[in-house]
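Enquirer:
Numbering (the working numbering), first residue to last: 1 to 110.
(1) Have a look at residue 68 and residue 30 and give me their C-alpha separation to the nearest angstrom.
(2) Once DSSP output is grouped into helix, strand and coil, what is the label at residue 106?
(3) For residue 102, which of 62, 91 and 84 has the nearest alpha-carbon?
(4) If you measure between the beta carbons of residue 33 and residue 104, is that distance less than 8 Å?
(5) Please go through the same chain and pick out, in chain order, the residues whose beta-carbon is closer than 7 Å to the beta-carbon of residue 80, but skip the five residues on each side of it.
(6) Please classify residue 47: does DSSP put it in a helix, a strand, or coil?
(7) Using DSSP with H/G/I as helix, E/B as strand and the rest coil, what is residue 59?
(8) Measuring only the C-alpha atoms, how far is residue 77 from residue 44?
(9) List the endpoints of the continuous beta strand (DSSP E) containing residue 130.
(10) I need the straight-line Cα distance from residue 46 to residue 98, nearest angstrom please.
(11) Taking just the CA atoms, how far does residue 71 sit from residue 91?
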């Protein structure tokens, strides 16, 4: 089960300016659910991804294709719960998955 507070846009003032160092030290929760994203370049074509972990500032997911750094989109829902979300994200890194075929990508919430 995901902690809904991690998807909220309104963070306390102390969390608003999270630096890269603080982000990397943040607690990450292993989660394995499907998320639905709508990329801004094609908002009418939602795409499903498998999440790997989640923190207050973002999430890591698996993809069959590489995602380009800088891509932006909107996190729409979490499956199978069907919980609706409206959280903007940006791809901050993407690399081949070292243990299987496919790729992993890091998304930052904003």
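Quick reminder that beta carbons are idealized off the backbone N, C-alpha and C, glycines included.
Expert: Considering the structure as presented:
(1) In this structure, the alpha-carbon of residue 68 lies about 23 Å from that of residue 30.
(2) Correct three-state label for residue 106: strand.
(3) Closest by C-alpha distance to residue 102, out of 62, 91 and 84, is 62.
(4) No, Cβ-Cβ distance for residue 33 and residue 104 is not below 8 Å.
(5) Excluding sequence neighbours, residue 80 sits near nothing in its chain.
(6) In the structure shown, residue 47 sits in a strand (DSSP, three-state: E or B).
(7) Three-state result, residue 59: strand.
(8) About 14 Å.
(9) With the chain represented from 1 up to 110, any question about residue 130 goes unanswered, as that position is not in the structure.
(10) Spanning the two alpha carbons is a distance of roughly 26 Å.
(11) Between residue 91 and residue 71, the C-alpha separation is close to 5 Å.
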